[in-house]
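A quick write-up on the structure given underneath.
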Amino acid sequence: MKPLSLVPLVPLAALGASGGCAEDIAPAGDDDVVADAGDTPTGKARTTREPDGTYTSIVDAQDAEAWTVVDLETGAEATAGAPWDLQVQRFHLALNGGVSGDAGVEVVALPDLRLADVAGVPTTGWITDEPDGDDDNADPDYAFEQGERWYAYDVTSHVLTPRPITWVIRTAEGNHVALEIAAYYDDAGTSGVFTWRWAPLAEGGAR
Amino acid sequence: MFARRPTIGMDPTARFPRRSGAAGTYLVLLPCAVAAILMARNRVADASEPVVGDEAVAAHGEERLVEVDAVADPGSPADVEAGVAADEAAGAAPDASLDGGEVIVVTGTRSATSLGASPVVTEVIDRERLAASGAETVADALALRPGLWLERGIGGTGVTIQGLGPAYVLILVDGQRQIGRVGGAIDLDRLGVEGVEQIEIVRGPGSVLYGSDALGGVVNVITRAPREPGVGGEVGARIDGWLATDLHGRVDGGRGAWRGAAAAQWRRGAAHDRTPADPATTISAYDDARGAAQAAWRDGDVWRVDLGADYLRRDLAGVDATATGAVLDRRNLIEIAQAHAAVHRASARTRARLTAGAGLYRDQFVLEQRGGMSLDRDEETVETLVEGAAQLEHARGRHRVILGAEGLREALDADRLSVPGARWRAAAFVQDEWRAGDAYDWLIVPAARLDHDSQFGTHATPRLAVRWDVTPRVVTRASVGFGFRAPSFKDLLLRFENPGAGYVVEGNPMLRPETSVSGQLGGEWWAHDAVWLAAGVFDHELTDLIAAVTVDAGGAGGPQRFSYDNIGRARSSGAELAAAITRGRAALELGWAWTRAVDREAGRRLEGVPAHRASVAVRWRDPAEGLDALVEATVTGARPYYLTDDPQAATLTARRSEVRARVARRFAGGLTAFLGVDNLLDAGDDHLDVIAPRTLYAGAEARR
Chain S
984 MKPLSLVPLV PLAALGASGG CAEDIAPAGD DDVVADAGDT PTGKARTTRE
1034 PDGTYTSIVD AQDAEAWTVV DLETGAEATA GAPWDLQVQR FHLALNGGVS
1084 GDAGVEVVAL PDLRLADVAG VPTTGWITDE PDGDDDNADP DYAFEQGERW
1134 YAYDVTSHVL TPRPITWVIR TAEGNHVALE IAAYYDDAGT SGVFTWRWAP
1184 LAEGGAR
Chain B
358 MFARRPTIGM DPTARFPRRS GAAGTYLVLL PCAVAAILMA RNRVADASEP
408 VVGDEAVAAH GEERLVEVDA VADPGSPADV EAGVAADEAA GAAPDASLDG
458 GEVIVVTGTR SATSLGASPV VTEVIDRERL AASGAETVAD ALALRPGLWL
508 ERGIGGTGVT IQGLGPAYVL ILVDGQRQIG RVGGAIDLDR LGVEGVEQIE
558 IVRGPGSVLY GSDALGGVVN VITRAPREPG VGGEVGARID GWLATDLHGR
608 VDGGRGAWRG AAAAQWRRGA AHDRTPADPA TTISAYDDAR GAAQAAWRDG
658 DVWRVDLGAD YLRRDLAGVD ATATGAVLDR RNLIEIAQAH AAVHRASART
708 RARLTAGAGL YRDQFVLEQR GGMSLDRDEE TVETLVEGAA QLEHARGRHR
758 VILGAEGLRE ALDADRLSVP GARWRAAAFV QDEWRAGDAY DWLIVPAARL
808 DHDSQFGTHA TPRLAVRWDV TPRVVTRASV GFGFRAPSFK DLLLRFENPG
858 AGYVVEGNPM LRPETSVSGQ LGGEWWAHDA VWLAAGVFDH ELTDLIAAVT
908 VDAGGAGGPQ RFSYDNIGRA RSSGAELAAA ITRGRAALEL GWAWTRAVDR
958 EAGRRLEGVP AHRASVAVRW RDPAEGLDAL VEATVTGARP YYLTDDPQAA
1008 TLTARRSEVR ARVARRFAGG LTAFLGVDNL LDAGDDHLDV IAPRTLYAGA
1058 EARR
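Protein chains in written order, with the numbering used here: chain S, 984 to 1190; chain B, 358 to 1061.
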């Protein structure tokens, strides 16, 4: 080949070596984060009391490795060694009972029942986390995923939608809480950010 | 020999549509194609240099080669520009030289061949037809062809041929393999047509000559060659009702042994939003800047050197809304730089060519989540390709033999790959064009190619094509060939995690190529001096298709894992009909394509492939008044999509009806003004049928 024929390849090689000549459009880094005032705070569990006496908890379970551990007695993230009731990791919810803990936490699923309609503490139907059974995964059979899971999964959009179930939880202290999973995404569409609406139940009666 | 009648749009004297005036679309078979008349004469005048070889022998059908400017090259614009004198002998059409106008194609046989002589089905959309249609991009140019289907997806607008999607269609520019596939597709919206001489479409497998990806077909975009001698230029501008603008200019000329051209283009347009109620845009805003340069040098009729370089900066911006409620501002800043060089040498019966090319594709992709950060993305993809080829072509007696070798190295570095990918591939191919029969009415073309890839090893792709000129008015063609598609770097090396849904997708480095065996059978009939009919059937059987598989059901906090394997099978078969009728200044084209594309594993139709597509085009041209008007319409049948967890539950799109029209008036001094409308019926939606809304446009061009 005549050397001349390689001429146009020279600037291309230079362009390739420089990784292109267009400007870098990557976000500016920390400054950009600070400027984005709407970004979600990174707190793991925040609970507020509603005017009707119920509670709303925002629980950050985005971490795919670590569990976020929640004490329903306080509505806050439990510190290490402190009593806890629920822990969440992405879309998994585990109880402090059965194979997941030693505090004997149990739950009853009340399908198609809204939080406000829970009349009292159920006497039957209590389950807890079990060892992995005969299913298509190797996870423990979490109480929230036994039978009808707490979520419906859209295989096309990969969206998880909470089913209309109210869960009555017997806490580590032996108290009872009615809990409804309202959302798995925050207002910005971020996954792994739970919204729980819940209320303590009096023993044998309504909240 | 047929009587000639001046017509617009088609030369009835030829056994194939040919360039003859108001140039247009040409094809050997299948979809609608009405050629025009006058332009071919201009072309002949530009390239009427003598054919080298024994013309007496050639006149009886023996093979010969054209002189150096028409050296076979699957991409050199000079070949198309100057290859008009190419082997009429191969066409063996006694009337083929009546107007001296020949359409030269280079894609089907990797050799400059007159369109009418080609043993392989080839469709040509020439420059004048591109202008008449109002197409701004290659995607626009192909959009209303009946046997093709263009769909806007995540990777831009890709083309489906004979039911096989964009991943199975090889896109070339001047014979140079294009890089930057996203979601399997080369975005044809990134290829403007201002610098294009013609677009060649070869349906059916082309792997025997081009290797990977050419299962469904090959689209080869041939750029314009610099003029010679003298200096000229052109400028043009266009604006549409959405205030999208297109400015372009070109200068070219030649002196002595040198020719050169330089061109620049700037296109920009705002995003389209079919559903203003939600924050997402339907079609991204674009801002394209392109520069290109060409040079050619030749030493008499023996040596020729072609050089070229092209750079595109494409800035895309849009807004995405996810099903979870997230709103994301998206931007892609894409750079594509390519360069190529070719050295040709020709003698009476032998042509040789060395080519080298390189390409760089860089995509900066940024997503910014409104009100959050977890979905923010900042990813960069850099793909490079370096390729070289040597080809030797020799004619003797009834045979023309092509021997060639190719090598390429491709590399991809992207944030979603577990490791950067790199591989090389070497190939050798041979093809014999054997003219048989006492009347030289058979053309038998056996060919074979062997590829060796550093990832998947050796793969062979033979092909046999046969053409039989039953009568001067009837031509039949048949071919059986194999194709393959090398696993993409994404298939091999992807590492993608969706923690929100608890799954991971990982590539499989052990993948084999996807393969196909295909058959094509068709014929053309010049039923009348001004009536041309064509019909064809095709069948593709695909095996070893790469599909997602579950490799780990997940558990113990671990995600479900998917990967890829060669488990898929598919079949696409169908029929295509075309007709062209001319009368006076008017020309009519009709086309219909039926495709049955089936996923044989799932037992369902292939997603997104329409079963029916019909088209009609009417062109009216008055050279004396400088008027040129074209109306094109297509109706596309419903397409299935599978949007639920029921694999058999198809969501069918509505039938799509598209109409576009353009009228142009040429004035003295090289000025042309035009007015047109795209998507007159405002077809499309924001989900499964994404096309630009109804768009009115106007503009002007000046040439000297």
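The beta carbon of each residue, even a glycine, is placed where N, CA and C say it ideally should be.
- With 16 or more other Cβ atoms from the protein chains shown falling within 10 Å of its own Cβ, I693(B) counts as buried.
- Contact check for G794(B) and F846(B): beta-carbon distance about 47 Å, past the 8 Å limit, so the pair fails to qualify.
- When the beta-carbon positions are compared, A594(B) and G1056(B) come within less than 7 Å of each other.
- Listed in chain order, the beta strand (DSSP E) runs fully inside the stretch 834–922 of chain B are 852–855, 860–863, 871–885, 888–909, counting runs of at least 3 residues.
- Under the 7 Å criterion on CB atoms, R661(B) is classed as non-interfacial with respect to chain S.
- Comparing C-alpha distances from E750(B) to each of R581(B), G532(B), G761(B) shows the shortest one belongs to G761(B).
- In terms of beta-carbon proximity, V874(B) stays away from the interface with chain S, with every pair separated by 7 Å or more.
- Inclusion of V894(B) and A935(B) in the CB contact set at 7 Å is not warranted, their separation being larger than that value.
- DSSP places S490(B) in the uninterrupted alpha helix (DSSP H) bounded by 484–490.
- Its chain contains N689, E736 as the residues whose beta carbon lies nearer than 6 Å to that of F722(B), once the 5 sequence neighbours on both sides are disregarded; these appear in chain order.
- Scanning L902(B), A571(B), G960(B), Q533(B) for the CA closest to the CA of L717(B) turns up Q533(B).
- Within chain B, the residues whose beta carbon sits less than 8 Å from that of Q1045(S) are S731, P856, listed in sequence order.
- Taking a beta-carbon distance threshold of 7 Å, E692(B) counts as an interface residue toward chain S.
- Between T991(B) and L499(B), the C-beta gap is not smaller than 7 Å, which leaves the two residues out of contact.
- Contact of F1074(S) with chain B by beta-carbon distance below 7 Å involves G859.
- Residue environment: A601(B) is assigned as buried (16 or more neighbouring CB atoms within 10 Å of its CB, all protein chains considered).
- Taking every protein chain shown into account, the CB of V1042(S) has 16 or more other CB atoms within 10 angstroms, so this residue is buried.
- With fewer than 16 other beta carbons inside 10 angstroms of its own, S775(B) counts as exposed.
- Segment contact: the stretch 995–1002 of chain B against the stretch 1025–1032 of chain B, fewer than three CB-CB distances shorter than 8 Å; contact not assigned.
- Proximity of the stretch 1033–1053 of chain B to the stretch 1013–1022 of chain B meets the contact definition, three or more beta-carbon pairs being nearer than 8 Å.
- The beta-bridge partner set that DSSP reports for N1036(B) is empty.
- Listed along chain S are Y1168, A1171, G1172, T1173, each with a C-beta nearer than 8 Å to that of A683(B).
- Under a criterion of Cβ atoms nearer than 7 Å, no residue of chain S is adjacent to V578(B); the nearest Cβ is some 18 Å distant.
- Taking 3 residues as the shortest admissible run, the stretch 978–1010 of chain B contains the following complete beta strand (DSSP E) segments, listed from N- to C-terminal end: 984–993, 997–999, 1007–1009.
- Residues of the stretch 1125–1144 of chain S whose Cβ lies closer than 9 Å to any Cβ of chain B, in chain order: Y1136, D1137, V1138, T1139, S1140, H1141, V1142, L1143.
- Per the C-alpha coordinates, the member of E508(B), R467(B), Q519(B) positioned closest to V955(B) is Q519(B).
- Contact between the stretch 1044–1057 of chain S and the stretch 1072–1081 of chain S is established, with three or more Cβ pairs separated by less than 8 Å.
- Taking 7 Å as the threshold, the shortest C-beta distance from I1164(S) to chain B does not fall below it.
- Burial check for A1063(S): the Cβ neighbour count within 10 Å stays below 16, so the residue is exposed.
- Spatial neighbours of W781(B) in its own chain (CB-CB distance under 6 Å, excluding positions within 5 residues in sequence) are listed in chain order as R766, S811.
- Residue nearest to V1052(S) within the set T1149(S), T1037(S), L1069(S) is L1069(S) (criterion: CA-CA distance).
- DSSP, reduced to helix, strand and coil, places G610(B) within a strand of the structure shown.
- Chain S has a Cβ within less than 7 Å of the Cβ of L1000(B).
- Spanning the alpha carbons of N865(B) and V908(B) requires a straight line of approximately 11 Å.
- Around the C-beta of E1131(S), fewer than 16 other C-beta atoms lie within 10 Å, and the residue is accordingly described as exposed.
- Judged by DSSP in its simplified three-state form, V565(B) adopts helix.
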